[in-house]
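Trainee: Questions regarding the structure given below will be posed in turn.
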Ligand SMILES: [Zn+2]
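Residue numbers (the numbering used here), protein chains in the order written: chain R, 56 to 186; chain D, 66 to 454.
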């Protein structure tokens, strides 16, 4: 068993295109960009939908449930950590960390749930932990 | 219109240094330019096109054109990381085919070893204006763990093993033992790779390329110039480029941009993967090689592990001799960008100038492929097919 320890998270720097995403995070919600035209979700959030190239006007508050698509434990770091792609129940895959977990019992396909970790002087950052 | 037969690689030079604390970056660029021009039998004043990428000091080509005191009529500073130099060869061939220049110089140099860069294991902050940075940097992606995730997914989906990946390093080390300039010349075994420290699961230290100072340069020229020079002729038959990313959140780590750039290059060259006698395959990590071999069509998707095992990449032993200089895994990865040395070793093979112990007999058709950026985030791919005339 190799339990993870939390490392310091550098603050993400929001801009006018992404401020609503980080405002949602500050209230404990994961908001994914939804296109007003083709209704597809995409990530990371853009002002113009990367599929139909029309304005992406909506945000969908997602369930926070997902599955590990891929992961790797970075052993050669001061505080080892697990980077991962998680595919949300709603279908979008995002880059994240797996925290509060046993590094030796992670597996692709495993069910995970959303948690937030505070960043250094910025908004909390969405991460995932085994469900 | 095609570039097939419209340009030749007439000069190639790899700097012998692997650690250069006593040289400046611009000096290294100049030394490799001199080496490639001497190899071709040309002089600096013959150069009328200059190509460089983000490793060159200054804004695009401006500082180096001025430093070298070149009088050029065509420049290109396309930067797709380590694959840039293959794209430069492609763009130089296009420019020559259109009459925009006749002698193109491409340089690469860097000093990451002297500068103590933790190239693969330290997250890089990047400019906050880069759109993806705020959604990635907080999670500490590094070169190593992003390639590692590709390996993890490949193992999950296709049953690839660490032993199979290790064979790629073993083959590179068999070649590097004959290269007096290689950083690592010791022959290693599968067991050695598996016993080396874990960097980012499932990649061990010996699954990772070396960090070296140095550089290299190429000269691409018009057919009339190639025919006037007293060197074996290396004709460019086909080129392909591609950029692959995260598809707006529809992430797929099971293939690389080689799946797009490869078929484009083969179509232009009018040859098939089975015709290739020697391949330079980008080897930032063992997994990089395995995925590109599948995507270029040397074997079926998912069968890369079986293809690379048991010495199939060793010259004189296996079906696809690769990276006979020892590659980035053992020989050299100057400036953390391996595309230049990939082209240089392919040129050596086609000229019959590789080390006799690794020279492919009657090597007439070779491929070089590069991947730049991050396989797991976004990367540029470039494929080049060349023929000895
Ligand atoms: Zn849309």
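For each residue, glycine too, the CB sits at the ideal point set by N, CA and C.
Anything in the region 420-431 of chain D with a Cβ closer than 8 Å to a Cβ of chain R? List those residues in chain order, please.
Mentor: none
Trainee: Can you check whether the C-beta of residue 199 (chain D) is within less than 8 Å of a C-beta belonging to chain R?
Mentor: yes
Trainee: With a cut-off of 5 Å, give the chain-ordered residues whose Cβ is closer than this to any heavy atom of ligand 1.
Mentor: Output, sorted by chain position: R:90, R:92, R:93, R:104, R:106 and R:107.
Trainee: Note down the Cα distance separating residue 324 (chain D) from residue 402 (chain D), rounded to an integer number of angstroms.
Mentor: 21 Å
Trainee: Quick check on DSSP: helix, strand or coil for residue 435 (chain D)?
Mentor: Reduced to three states, the DSSP call for residue 435 (chain D) is strand.
Trainee: Alpha carbon to alpha carbon, how far is residue 56 (chain R) from residue 143 (chain D)? Give it in angstroms, no decimals.
Mentor: Distance between the alpha carbons of residue 143 (chain D) and residue 56 (chain R): 47 Å.
Trainee: Alpha carbon to alpha carbon, how far is residue 102 (chain D) from residue 450 (chain D)?
Mentor: 22 Å
Trainee: At the 8 Å Cβ level, is residue 111 (chain D) part of the contact set with chain R, yes or no?
Mentor: Chain R contact via Cβ: absent.
Trainee: Round the Cβ separation of residue 249 (chain D) and residue 236 (chain D) to the nearest angstrom and send it over; I've been treating them as touching at under 8 Å.
Mentor: Contact flag wrong, Cβ pair sits at about 13 Å.
Trainee: Which residues in chain R sit within 8 Å of residue 147 (chain D), going by Cβ to Cβ distance?
Mentor: Neighbours of residue 147 (chain D) on chain R: none; closest Cβ ~21 Å, over 8 Å.
Trainee: Taking the Cβ atom as the reference point for each residue, do residue 454 (chain D) and residue 281 (chain D) lie within a distance shorter than 8 Å?
Mentor: When the beta-carbon positions are compared, residue 454 (chain D) and residue 281 (chain D) stay at least 8 Å from each other.
Trainee: Terminal residues of the continuous alpha helix (DSSP H) containing residue 116 (chain R)?
Mentor: Not the alpha helix (DSSP H): residue 116 (chain R) falls in the beta strand (DSSP E), residues 113-116.
Trainee: Please go through the same chain and pick out, in chain order, the residues whose beta-carbon is closer than 6 Å to the beta-carbon of residue 177 (chain R), but skip the five residues on each side of it.
Mentor: 66 and 67
Trainee: Just checking: is the beta-carbon of residue 313 (chain D) within a distance shorter than 8 Å of some beta-carbon in chain R?
Mentor: yes
Trainee: Just to confirm, is the Cβ distance from residue 306 (chain D) to residue 446 (chain D) under 8 Å?
Mentor: yes
Trainee: Going straight from the alpha carbon of residue 313 (chain D) to that of residue 199 (chain D), what length do you get?
Mentor: Linking residue 313 (chain D) to residue 199 (chain D) through their CA atoms gives a straight-line distance of about 15 Å.
Trainee: Can you give me the start and stop residues for the alpha helix (DSSP H) that residue 94 (chain D) sits inside?
Mentor: 90-105
Trainee: Residue 435 (chain D): buried (16+ other C-beta within 10 angstroms of its C-beta) or exposed?
Mentor: Residue 435 (chain D) sits buried, since 16 or more C-beta atoms from the chains shown fall within 10 Å of its C-beta.
Trainee: Compute the Euclidean distance between the alpha carbons of residue 271 (chain D) and residue 138 (chain R), then round it to the nearest angstrom.
Mentor: Straight across, the Cα-Cα distance linking residue 271 (chain D) with residue 138 (chain R) is about 21 Å.
Trainee: What residues in the region 70-83 of chain R have a beta carbon less than 7 Å from any beta carbon of chain D?
Mentor: 73
Trainee: Could you tell me whether any Cβ in chain C is nearer than 8 Å to the Cβ of residue 443 (chain D)?
Mentor: Of the protein chains in the structure, R and D, none is chain C.
Trainee: Going by C-alpha to C-alpha distance, which of R:142, R:147 and R:146 sits closest to residue 153 (chain R)?
Mentor: R:142
Trainee: Report yes if the CB atom of residue 168 (chain D) is closer than 8 Å to the CB atom of residue 123 (chain D), and no otherwise.
Mentor: If you check the CB distance, residue 168 (chain D) and residue 123 (chain D) do not come in under 8 Å.
Trainee: If you draw a straight line from the C-alpha of residue 205 (chain D) to the C-alpha of residue 275 (chain D), how long is it?
Mentor: 22 Å
Trainee: Nearest by alpha-carbon distance to residue 385 (chain D): which of D:355, D:299 and D:331 is it?
Mentor: D:355
Trainee: Measure the C-alpha to C-alpha separation of residue 327 (chain D) and residue 372 (chain D) and round it to an integer number of angstroms.
Mentor: 18 Å
Trainee: Roughly how many angstroms lie between the CA atoms of residue 444 (chain D) and residue 311 (chain D), to the nearest whole one?
Mentor: 10 Å
Trainee: Nearest-angstrom Cα distance between residue 176 (chain D) and residue 90 (chain R)?
Mentor: 45 Å
Trainee: With a CB to CB cut of under 6 Å and the five nearest residues on each side skipped, what residues in its chain are close to residue 302 (chain D)?
Mentor: 69, 334, 450 and 452
Trainee: Given residue 105 (chain R), which residues of its chain have a CB within under 8 Å of its CB, disregarding the five upstream and five downstream residues?
Mentor: Taking C-beta separations shorter than 8 Å and ignoring five residues to either side along the sequence, the partners of residue 105 (chain R) in its chain run 97, following chain order.
Trainee: For residue 167 (chain R), which three-state DSSP category applies?
Mentor: strand
Trainee: Run the CB neighbour count on residue 252 (chain D), radius 10 Å, all protein chains shown included, and call it buried at 16 or more, exposed below.
Mentor: exposed
Trainee: Answer with buried or exposed for residue 231 (chain D), where buried requires no fewer than 16 other C-beta atoms within 10 angstroms of its C-beta.
Mentor: buried
Trainee: By Cβ distance, which residues of its chain are closer than 7 Å to residue 380 (chain D), with the 5 residues on each side in sequence left out?
Mentor: Excluding positions up to five away in sequence, the list reads 240, 386, 389, 423 and 425.
Trainee: Taking residue 304 (chain D) as the reference, give the member of D:96, D:100 and D:432 with the closest Cα.
Mentor: D:432
Trainee: Kindly indicate if chain D contains any beta-carbon less than 8 Å away from that of residue 150 (chain R).
Mentor: By the rule that beta-carbons nearer than 8 Å mark a contact, residue 150 (chain R) touches chain D.
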